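Chemist:
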Ligand SMILES: Cc1ncc(COP(=O)(O)O)c(C=O)c1O
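Residue numbers (my numbering): 13 to 428.
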C-alpha cells in the first residue's frame, strides 16, 4: 500500500483568514480523530493493525446489510432518496414513532452539530457534563454558544466513576439554556444513567430548553432501571434522541445516524439539512441492518461477554477500569506517563487504542472491546509493555523512571 496519501505531510494554510471567520469558528479546534490510522495500517506487520481506538464493531455489519448495499451498486449514478423514505419507515416501526419525527444524518455527528446550529447561540448556552462526548463542545462553539460544564461524579464514586452527576446538572439548569447535551451510556466514561435520572433532568428543564440524549451506544445499555429514552418522547416534547448505525450495526464507514424528536423540532432542523446528506448505500444497508435480529443479538451477546472478561483481566493487572455498558472500556493507568508509555508500547506492536488527553484524562486510555482473539492479543501486548517499562500491578508507580527520553518528547508533541 506504499504511496497511499495520509495527512502526515499536510501543510498549514499559507494565509491567516481567521479574522474573517465567525467568532465561534475562530476559537474552534478541529475534532481530534486520534492516531493516523491509515499511516499505521500501511506500516503494520504481518498480523495487521488491531484497531481498538474508535469503538467500531469487531463483528462487522449484518450480511443482510451487505446484500442490500451491493444491490445499490447498479445505480450509483443516481442521487439517493432525499427523504430517506425506506429507512425512515423501518426506523419509525423499530422506534414506535411517526416518520415526521425522524431526521437522518451523515452519522449522528452531523445531527449533533446541526441541532446546535438551530437551537443554541450567543444567548442560548449549552449545558454539558465534564467528560462528555467531544463533539458537544465543538457543536456549541460552532454555534457561537457558551458552554456550561457541570462537574462529573468523582473517580471514587461507587457505581458511576466520572459519570454524569444528574443532581449537579439539574442545579445548573437555567431557563436560558438552549440545549442540554448528554450521552447515555456516555463516551468516553462508559457510565450510564437510569430512566428516572433522565426524567429528573427533563422535569427540571424549561420547556424552552431542548434536552439531547445521545444514544450512540444505547443498544448496549442493559442494566436494571435503564433503557432508551425513546419511550419518553411523548411525555417530553423538548426531548431529542440520537442514534447511530456506526456502533452496534457495524456500519461506521457509511455514516448513517438518526435523530428522533417532536415533528416540530424535526421540521425546523430539516431547513438546514443538505438534501442528499445520507448516501444510497448507507440508506439501504441501515434499513436492512435493523431487520437482522440474529446479528444484533450476536453482537450484543459477544460484546457484553468479552467486555466483562476484558475488564476482569485488566483489573487483575492493577488498572482502574470504569464500569461500562458500551462496547469499550475506559482504563485508568494512574499517571499520564503510564498511559502514554502503554499507548506507545501498544502502537509499536500494531495495536491502536485511544489516548484521552483531549478529554482531560491523560492518565486513561479508551479501549474498544474486540473479539476473543483480539482481546487476547491486546492483553499479551500489554503484559509485554508492562514488563518492558517496569509497570507493576502495584499501581503503575515506577513509570516515570522507566520511560525513555525519546518517548517522553514524542508524547509531549503529539498534542491529542
Ligand atoms: C457518544 C457518541 N455520539 C455520537 C457519535 C458519532 O457517531 P456517528 O457520527 O458515527 O454516528 C459517537 C462516535 O464515536 C459517540 O461516541
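Glycine included, C-beta positions come from ideal geometry on N, C-alpha and C.
On a predicted model such as this, the values are computed, not experimentally measured, just so you know.
(1) Report back the beta-carbon spacing between residue 233 and residue 241 to the nearest angstrom; my notes put them in contact at under 8 Å.
(2) So what's residue 162 in DSSP terms, helix, strand or just coil?
(3) Shorter than 6 Å, the distance from the beta carbon of residue 297 to the closest heavy atom of ligand 3, or not?
(4) Should residue 199 be listed as close to ligand 1, given that the test is whether its C-beta is under 6 Å from any heavy atom?
(5) Could you check if residue 31 is buried or exposed, using at least 16 other CB atoms within 10 Å of its CB as the buried criterion?
(6) Since residue 176 and residue 205 are thought to touch, with beta carbons under 8 Å apart, how far apart are those beta carbons, to the nearest angstrom?
(7) Using DSSP's beta-bridge definition, name the partner residues of residue 349.
(8) Residue 158: which of 191, 388, 372, 228 sits nearest, CA to CA?
(9) Taking just the CA atoms, how far does residue 66 sit from residue 164?
(10) Hey, which unbroken runs of the alpha helix (DSSP H) at 4 residues or more fall wholly within the region 292–323?
(11) Who are the Cβ neighbours of residue 203 in its own chain at under 6 Å, not counting the five residues just before and after it?
(12) Any heavy atom of ligand 1 inside 6 Å of the beta-carbon of residue 258?
(13) Just to confirm, are residue 314 and residue 391 a CB contact at a threshold of 7 Å?
(14) Taking a contact to mean a Cβ-Cβ separation below 7 Å, would you say residue 107 touches residue 311 in this structure?
(15) For residue 26, does the three-state DSSP call read helix, strand or coil?
(16) Once you ignore the five residues that flank residue 28 on each side, which residues in its own chain have a CB closer than 8 Å to its CB?
(17) Starting from residue 102, trace the alpha helix (DSSP H) in both directions and tell me its first and last residue.
(18) Are there three or more Cβ pairs, one per stretch, closer than 8 Å when the region 372–385 is compared with the region 50–67?
(19) Counting along the chain, where does the alpha helix (DSSP H) carrying residue 368 start and finish?
Modeler: Concretely, from the data shown:
(1) Contact doesn't hold; Cβ gap of about 10 Å is too wide.
(2) strand
(3) Ligands in the displayed structure: ligand 1; ligand 3 is not one of them.
(4) yes
(5) exposed
(6) 6 Å
(7) In the DSSP output, where bridge partners are listed per residue, residue 349 has none listed.
(8) 191
(9) 23 Å
(10) 292–303
(11) 172, 175
(12) yes
(13) no
(14) no
(15) coil
(16) none
(17) 97–107
(18) yes
(19) Where residue 368 is concerned, there is no enclosing alpha helix (DSSP H), given that its DSSP letter is neither H nor E.
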